[in-house]
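Chains as they are written, first to last, in my numbering: chain A, 2 to 168; chain B, 5 to 283.
The C-beta atom is built at its ideal place from N, Cα and C for all residues, glycine as well.
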Amino acid sequence: MISHLVCALSLVVFYSLQTAVFSQATLISGTADVVLLFLAAWSLQEQVKNSWLWTVIAGVLISLASAMPLFAPLIAYIGVVSISKLIQKKVWRSPIIAMFIVTLLGTLIQQGLYILILQISGTDIPLGISLDHVTLPSLLLNLIFALPVYAVVSELVGRIYPLEEET
Amino acid sequence: MKFLNSKNIQTIVIIVVVGGVLFLALSGYLTPVFNLSLNPLVSFQRWLSVRYLSARDFLTTPGDVVQLREQNAVLESQVTQLQTQLIEMEERLGEAQVCFALLDFGRTNPQYEYIAATVIGREISPFLQYIIIDKGTEDGVRYGMPVVTQQGLVGRVDAVIASASRVKLISDATSVVNIQLQSAEIEAQLQGSLTGDLSLDMIPLDEIIEPGDVVLTSGLGGNYPPNIFVGQVLSTQQRENALFQTASVQPIVNFESINAVLVIDNFESIDISPLIPEP
Numbered sequence: 002m003i004s005h006l007v008c009a010l011s012l013v014v015f016y017s018l019q020t021a022v023f024s025q026a027t028l029i030s031g032t033a034d035v036v037l038l039f040l041a042a043w044s045l046q047e048q049v050k051n052s053w054l055w056t057v058i059a060g061v062l063i064s065l066a067s068a069m070p071l072f073a074p075l076i077a078y079i080g081v082v083s084i085s086k087l088i089q090k091k092v093w094r095s096p097i098i099a100m101f102i103v104t105l106l107g108t109l110i111q112q113g114l115y116i117l118i119l120q121i122s123g124t125d126i127p128l129g130i131s132l133d134h135v136t137l138p139s140l141l142l143n144l145i146f147a148l149p150v151y152a153v154v155s156e157l158v159g160r161i162y163p164l165e166e167e168t
Numbered sequence: 005m006k007f008l009n010s011k012n013i014q015t016i017v018i019i020v021v022v023g024g025v026l027f028l029a030l031s032g033y034l035t036p037v038f039n040l041s042l043n044p045l046v047s048f049q050r051w052l053s054v055r056y057l058s059a060r061d062f063l064t065t066p067g068d069v070v071q072l073r074e075q076n077a078v079l080e081s082q083v084t085q086l087q088t089q090l091i092e093m094e095e096r097l098g099e100a101q102v103c104f105a106l107l108d109f110g111r112t113n114p115q116y117e118y119i120a121a122t123v124i125g126r127e128i129s130p131f132l133q134y135i136i137i138d139k140g141t142e143d144g145v146r147y148g149m150p151v152v153t154q155q156g157l158v159g160r161v162d163a164v165i166a167s168a169s170r171v172k173l174i175s176d177a178t179s180v181v182n183i184q185l186q187s188a189e190i191e192a193q194l195q196g197s198l199t200g201d202l203s204l205d206m207i208p209l210d211e212i213i214e215p216g217d218v219v220l221t222s223g224l225g226g227n228y229p230p231n232i233f234v235g236q237v238l239s240t241q242q243r244e245n246a247l248f249q250t251a252s253v254q255p256i257v258n259f260e261s262i263n264a265v266l267v268i269d270n271f272e273s274i275d276i277s278p279l280i281p282e283p
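This is how it looks when you write it as structure tokens:
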């Protein structure tokens, strides 16, 4: 119960940070996606069992708030958490490396999906420009913020799960 | 002769001497003598006073330090309070300046009614150029309403909920605005892009456009009211074998730093898409 509450509150905080701060702090035209980083870090935690549920909830809510068509954020976040779960089993001894790998692959998948969906919906998205101006800067920013977000999420999980076990 | 005894003589001598000294002193004849005799006395008094004050300071300093520290703490807290007030006042001044600028725009364009709104966020996807404002249907904001700042055109409302709205900026890749060039009276289409750059399309090759030409909305298409300032032509490009020339436009609004906007309340956009024949 506590983990659900903490996850919901954290998502609200990360979403607010994303729209109010990180979406405005651009590198060329790229921005960091701290919601993606939060979901990746949350699902990489061994104790966490509710990551799928919150990924779907976050994805649906963000898809409704976003102008991206066809529930693209939901699909992207499910993809990120799938990679995260897959990698968690393979490189569980090095969670930080796992976080970097999930961030790298997750960002590329998310951006590729966004480009594909925008192309399908008729928006003119030149691949070269989107790679140079959006995808690579976003990837760099996500990799920079991956470690702090992972640290915060690990700390949160480390504090709430002992409480969860007590109750 | 009893009066002239020795005691009386002494008294008279003393009175005469004292009177003489007073007379000499008052008349200034004794000043050098006084100086000569008083200077060592004053020097000694000064020396003694300085030593006394030093000794007194030394003995009373601990008490003063405590008092000074208390005073310092009080003053520091006052400084902190004043700094906080100053920051608040500066923030309010900034907000007031934005409000005054928006008010000026409203006064200079009295034909429209406005809803002032604050920008509270941006689109989560970096591929899209949208902002989120803090006014929604409860405040009278409706889908399609044009959004401006005191400088010029920003975009139009794309989605609305009760207390917030999403505004598509004219710099978005899917945004198309019908414009006119003020100097040449040419009509064209302004398009956004992935990177937020604006460009003019569909300009006939025989038209001459110069950098610095003012770009205004034309009102064609029914999405935006006419004659709203959009920006200035930055440069022109003509490709070989192309039917039209293109131009880059410098927007007047800095989309990165919009804090407040005005939603034009009494302009009804017209959806002409049903009238456009499908290919």
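Which of helix, strand or coil DSSP assigns to residue i
| i | result |
| --- | --- |
| residue 23/B | helix |
| residue 111/B | helix |
| residue 172/B | strand |
| residue 163/B | strand |
| residue 229/B | coil |
| residue 97/B | helix |
| residue 131/B | coil |
| residue 60/A | helix |
| residue 199/B | coil |
| residue 80/A | helix |
| residue 84/B | helix |
| residue 262/B | coil |
| residue 158/B | strand |
| residue 205/B | strand |
| residue 91/B | helix |
| residue 132/A | helix |
| residue 34/B | coil |
| residue 146/B | coil |
| residue 125/B | strand |
| residue 241/B | strand |
| residue 31/A | strand |
| residue 210/B | coil |
| residue 156/A | helix |
| residue 85/A | helix |
Alpha helix (DSSP H) segment containing residue i, residue limits
| i | result |
| --- | --- |
| residue 108/A | 96–121 |
| residue 70/A | Premise fails: residue 70/A is in no alpha helix (DSSP H) and is neither H nor E. |
Cβ pair residue i, residue j closer than 7 Å
| i | j | result |
| --- | --- | --- |
| residue 209/B | residue 177/B | no |
| residue 78/A | residue 131/B | no |
| residue 186/B | residue 152/B | no |
| residue 35/A | residue 19/A | yes |
| residue 183/B | residue 221/B | yes |
| residue 213/B | residue 251/B | yes |
| residue 196/B | residue 175/B | yes |
| residue 88/A | residue 102/A | yes |
| residue 269/B | residue 137/B | no |
| residue 28/A | residue 147/A | no |
| residue 122/A | residue 70/A | yes |
| residue 256/B | residue 155/B | yes |
| residue 223/B | residue 236/B | no |
| residue 158/A | residue 46/A | yes |
| residue 164/B | residue 141/B | yes |
| residue 234/B | residue 121/B | no |
| residue 34/B | residue 28/B | yes |
| residue 52/A | residue 64/A | no |
| residue 107/A | residue 135/A | no |
| residue 4/A | residue 161/A | yes |
| residue 206/B | residue 188/B | no |
First and last residue of the uninterrupted beta strand (DSSP E) at residue i
| i | result |
| --- | --- |
| residue 134/B | 134–137 |
| residue 22/A | Note, residue 22/A: premise wrong, no beta strand (DSSP E); not H, not E. |
| residue 49/A | Neither: residue 49/A is in no beta strand (DSSP E) and is coded neither H nor E. |
| residue 151/B | 150–152 |
| residue 217/B | That residue, residue 217/B, is in no beta strand (DSSP E); it is neither H nor E in DSSP. |
| residue 125/A | That residue, residue 125/A, is in no beta strand (DSSP E); it is neither H nor E in DSSP. |
| residue 253/B | 248–255 |
Per DSSP, the bridge partner or partners of residue i
| i | result |
| --- | --- |
| residue 14/A | Looking at the DSSP assignment, residue 14/A forms no beta bridge with any residue, so it has no partner. |
| residue 192/B | 183/B |
| residue 119/B | 267/B |
| residue 47/B | Residue 47/B pairs with nothing; no bridge assigned. |
| residue 236/B | 218/B, 254/B |
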